[in-house]
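Throughout the sequence shown, residue numbering follows full-length UniProt numbering, covering 1 to 382 in sequence.
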Amino acid sequence: MDLYKAVRPLIFKVDPEVDHHLVANGLKMFNRYPQALQAMFQVKKRADLKVTVKGVNFDSPIGIAAGFDKKAEFYNSLGALGAGFVEIGSVTRENQPGNPKKRIFRLTEDQAIINRMGLNNLGIEETRRHLANTPKHVTVGISVAPGHGLSSEEMVDEMVDDIKEIHSFADYIALNQSCPNQKGVTTLQEIPVAKRLLQKIHNLHIKEPVFCKFGNDITTEQLIELINETKGLMDGIILTNTASNPSKIYNNLKSTNRNEGGGLSGKPIFLKSLSLTKAIHQAFPELPIMFSGGVFTPEDAQIALEAGASLVQVYTGFIYNGPTLLEKINRQLSINDVVRNLDYTPVAKAPSHSSQDIEVTDINEDKKVELDANSGASFHEE
1 MDLYKAVRPL IFKVDPEVDH HLVANGLKMF NRYPQALQAM FQVKKRADLK VTVKGVNFDS
61 PIGIAAGFDK KAEFYNSLGA LGAGFVEIGS VTRENQPGNP KKRIFRLTED QAIINRMGLN
121 NLGIEETRRH LANTPKHVTV GISVAPGHGL SSEEMVDEMV DDIKEIHSFA DYIALNQSCP
181 NQKGVTTLQE IPVAKRLLQK IHNLHIKEPV FCKFGNDITT EQLIELINET KGLMDGIILT
241 NTASNPSKIY NNLKSTNRNE GGGLSGKPIF LKSLSLTKAI HQAFPELPIM FSGGVFTPED
301 AQIALEAGAS LVQVYTGFIY NGPTLLEKIN RQLSINDVVR NLDYTPVAKA PSHSSQDIEV
361 TDINEDKKVE LDANSGASFH EE
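Here's what the structure looks like:
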């Protein structure tokens, strides 16, 4: 019997943000000494799950997506539960309170969540301090996002400055270019803006690989064009962020909270993430893909890996299925010998960024950012 699933109806009676706060407090207790948590949950390290992507070593290809440990407070605890990597953040220059509460909604019938958090976090300096004070026992990515109320040019410059300050604490950097819950962020997916951002990051000449996170609403054609236009400037991609409202995916939802504004995560976005993963892997087989979106079971993770993903992130599935999910996925991948049957050779090599600066192209600022009434960004207090 799964104890977590037995008590989940009681847990889900608590407001989702309060629930997360309680879980975070529990996990924080073990962040300095994660071995105790690992023993408590009987989590095993498995040699046959170790992978190398862009020169970074992962104990497992299964990790935790950004948004769970926003403040860099319990990444080692998540590693002790079986995560091969943990993505911190998203982090912005200054601390941000995010959107007004209530801003997280469970869609239990759909195995989904809608959130419009609005990139709440402690800011770059406090996040750095947390990482510096607690040595990491797990591979850590840091998701960087722009602050609220900035133009495209300002977003680019701020993110580049933040990466300059925090990259040495990360094993990889993730660029949040697709959060639907803060005005303007999704413009970072537009080719002129994305190109300028990646060009400026290239000119930092950091050794850590840079992964770009794209939204669930992007089309295959748009994504292929963007990758072609930014040739070699991104070291990998994350597919996908949440689906914004409105989106066709929302049409089939059953839960009473289905019309809440924000970004949709969980089971309903799995197939779109999978479709993009297959298409991008076929078009760019040497580009590493982190799959993200609706992984709830070991079978989901295996499907994502066999579709072309090099790594898989979980988030909403972890909330619905509890702290043993990561170990269950790892055990099943090991039993099925999944990792050994995948070819990691094309994606294993560390980035070979040129030491020469490249030209940085301009952005056409004529475009106006339009917000739908149900966008999570439309709830942000100016």
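Every residue gets a Cβ at the ideal spot worked out from N, C-alpha and C, and that includes glycine. From a predicted model like this one, the values you see are computed outputs, not experimental measurements.
Does the Cβ-Cβ distance between residue 113 and residue 316 come in under 9 Å? As a working note, residue 113 is residue 113 in the sequence shown. As a working note, residue 316 is residue 316 in the sequence shown. Yes.
For residue 306, count the other beta carbons within 10 Å of its own beta carbon; 16 or more makes it buried, fewer makes it exposed. Which is it? Locating residue 306 in the sequence shown gives position 306, counting from the first residue. Exposed, because fewer than 16 other Cβ atoms sit within 10 Å of the Cβ of residue 306.
Short of 7 Å in beta carbon distance, which residues of its chain neighbour residue 36, apart from the five on each side in sequence? Order them along the chain. For the purposes of this step, residue 36 is taken as the residue at position 36 of the sequence shown. 30.
When the Cα atoms are used, what is the spatial distance from residue 313 to residue 213? Numbered from its first residue, the sequence shown carries residue 313 at position 313. Numbered from its first residue, the sequence shown carries residue 213 at position 213. Distance between the alpha carbons of residue 313 and residue 213 is about 12 Å.
For residue 106, list the residues DSSP reports as bridge partners. In the sequence shown, the residue the question calls residue 106 occupies position 106. Per the DSSP secondary-structure output, residue 106 pairs in a beta bridge with 113.
Extract the residue ranges of the beta strand (DSSP E) inside the segment 10-98, only unbroken runs of 3 or more that lie entirely within it. Within the segment 10-98, the complete beta strand (DSSP E) runs of at least 3 residues are 51-53, 56-58, 62-64, 85-91.
Taking only three categories from DSSP, how would you classify residue 263? By one-based count along the sequence shown, residue 263 stands at place 263. Of the three classes helix, strand and coil, the one that applies to residue 263 here is strand, per DSSP.
Take residue 137 and list the residues in its own chain whose beta-carbon comes closer than 7 Å to its own, dropping the five residues that flank it on each side. By one-based count along the sequence shown, residue 137 stands at place 137. These residues qualify, in order along the chain: 34, 76, 79.
Does the distance from the CB of residue 144 to the CB of residue 174 come in under 9 Å? As a first step, residue 144 must be located in the sequence shown, where it is residue number 144. As a first step, residue 174 must be located in the sequence shown, where it is residue number 174. Pairing residue 144 with residue 174 gives a Cβ-Cβ distance under 9 Å.
Does the contact criterion of 3 or more C-beta pairs under 8 Å hold for the segment 352-367 versus the segment 158-176? Touching, no, given that fewer than three Cβ pairs across the two stretches are closer than 8 Å.
Check for me: the alpha helix (DSSP H) holding residue 279 runs from which residue to which? In the sequence shown, residue 279 corresponds to position 279, counting from 1. First-last of the alpha helix (DSSP H) with residue 279: 270-283.
Kindly list the residues whose CB is nearer than 6 Å to the CB of residue 123, restricted to its own chain and excluding five residues on each side of it in sequence; keep chain order. For the purposes of this step, residue 123 is identified with residue 123 of the sequence shown, where counting begins at 1. Cβ neighbours of residue 123 beyond the five flanking positions: 94, 95.
Looking at chain B, is there any beta carbon in it that lies within less than 9 Å of the beta carbon of residue 272? The chain inventory of the structure shown lacks chain B, comprising one protein chain alone.
Sequence-distant residues of the same chain with beta carbon closer than 7 Å to residue 216, five excluded per side: Locating residue 216 in the sequence shown gives position 216, counting from the first residue. 240, 241, 242, 243, 269, 272, 273, 293, listed in sequence order.
Assigned secondary structure, residue 338 (DSSP; H/G/I helix, E/B strand, else coil): On the sequence shown, position 338 is the one that residue 338 refers to. Residue state, collapsed to three classes: coil.
Pull up the DSSP beta-bridge partners for residue 214, would you. Within the sequence shown, residue 214 is the residue found at index 214, counting from 1. Its beta-bridge partners are 239.
Specify the secondary structure class of residue 169 as computed by DSSP and reduced to three states. Translated into positions along the sequence shown, residue 169 becomes position 169. Residue state, collapsed to three classes: helix.
Could you give the residue range of the alpha helix (DSSP H) that holds residue 296? The sequence position of residue 296 within the sequence shown is 296, counting from 1. That residue, residue 296, is in no alpha helix (DSSP H); it is neither H nor E in DSSP.
Can residue 132 and residue 85 be called in contact, C-beta distance under 9 Å? Your numbering for residue 132 matches position 132 in the sequence shown. Your numbering for residue 85 matches position 85 in the sequence shown. Against a cut-off of 9 Å, the Cβ pair of residue 85 and residue 132 comes out as no contact.
So, under 8 Å CB-CB, residue 176 and residue 261 are touching, yes? Tell me the CB distance rounded to an integer number of Å. As a position in the sequence shown, residue 176 is number 176, starting the count at 1. As a position in the sequence shown, residue 261 is number 261, starting the count at 1. Actually they are not in contact, since the Cβ atoms of residue 176 and residue 261 sit about 19 Å apart, beyond 8 Å.
Do residue 43 and residue 326 have their C-beta atoms within less than 9 Å of each other? Here residue 43 refers to the residue found at position 43 of the sequence shown. Here residue 326 refers to the residue found at position 326 of the sequence shown. Contact: yes.
Beta-carbon separation of residue 345 and residue 280 under 9 Å? Sequence index remark: in the sequence shown, residue 345 carries index 345 (1-based). Sequence index remark: in the sequence shown, residue 280 carries index 280 (1-based). Contact: no.
Can you pull the DSSP bridge partners for residue 314? One-based indexing of the sequence shown puts residue 314 at position 314. Partner residues in the beta bridge of residue 314, as assigned by DSSP, are 64.
State the Cα-Cα distance for the pair residue 181 and residue 20, rounded to the nearest angstrom. Mapped onto the sequence shown, residue 181 falls at position 181. Mapped onto the sequence shown, residue 20 falls at position 20. The alpha-carbon atoms of residue 181 and residue 20 are separated by roughly 19 Å.
Whole-angstrom Cβ separation of residue 148 and residue 206, contact assumed at under 8 Å? Counted from its first residue, the sequence shown places residue 148 at position 148. Counted from its first residue, the sequence shown places residue 206 at position 206. In fact, because the Cβ distance is near 25 Å, the residues do not count as touching under 8 Å.
Straight-line gap, residue 187 to residue 256 (C-alpha atoms, nearest Å): Along the sequence shown, read from residue 1 onward, the residue named residue 187 stands at position 187. Along the sequence shown, read from residue 1 onward, the residue named residue 256 stands at position 256. One C-alpha to the other measures close to 30 Å.
Measuring straight from C-alpha to C-alpha, what distance separates residue 354 and residue 101? On the sequence shown, position 354 is the one that residue 354 refers to. On the sequence shown, position 101 is the one that residue 101 refers to. CA-CA distance, residue 354 to residue 101, rounds to 45 Å.
On the DSSP bridge list, what partners appear for residue 139? One-based indexing of the sequence shown puts residue 139 at position 139. Partner(s): 85.
Taking residue 211 as the reference, give the member of 225, 203, 232, 299 with the closest Cα. Counting from one through the sequence shown, the residue named residue 211 turns up at place 211. The option with the nearest alpha carbon to residue 211 is 232.
With distance defined between alpha-carbon atoms, name the residue in 197, 87, 258 nearest to residue 230. Your numbering for residue 230 matches position 230 in the sequence shown. It is 197.
What are the start and end residues of the alpha helix (DSSP H) that includes residue 447? Not covered by the structure: residue 447. The range shown for the chain is 1 to 382.
Could you check the C-alpha separation between residue 130 and residue 171 for me, to the nearest Å? By one-based count along the sequence shown, residue 130 stands at place 130. By one-based count along the sequence shown, residue 171 stands at place 171. Residue 130 and residue 171: Cα-Cα distance of roughly 16 Å.
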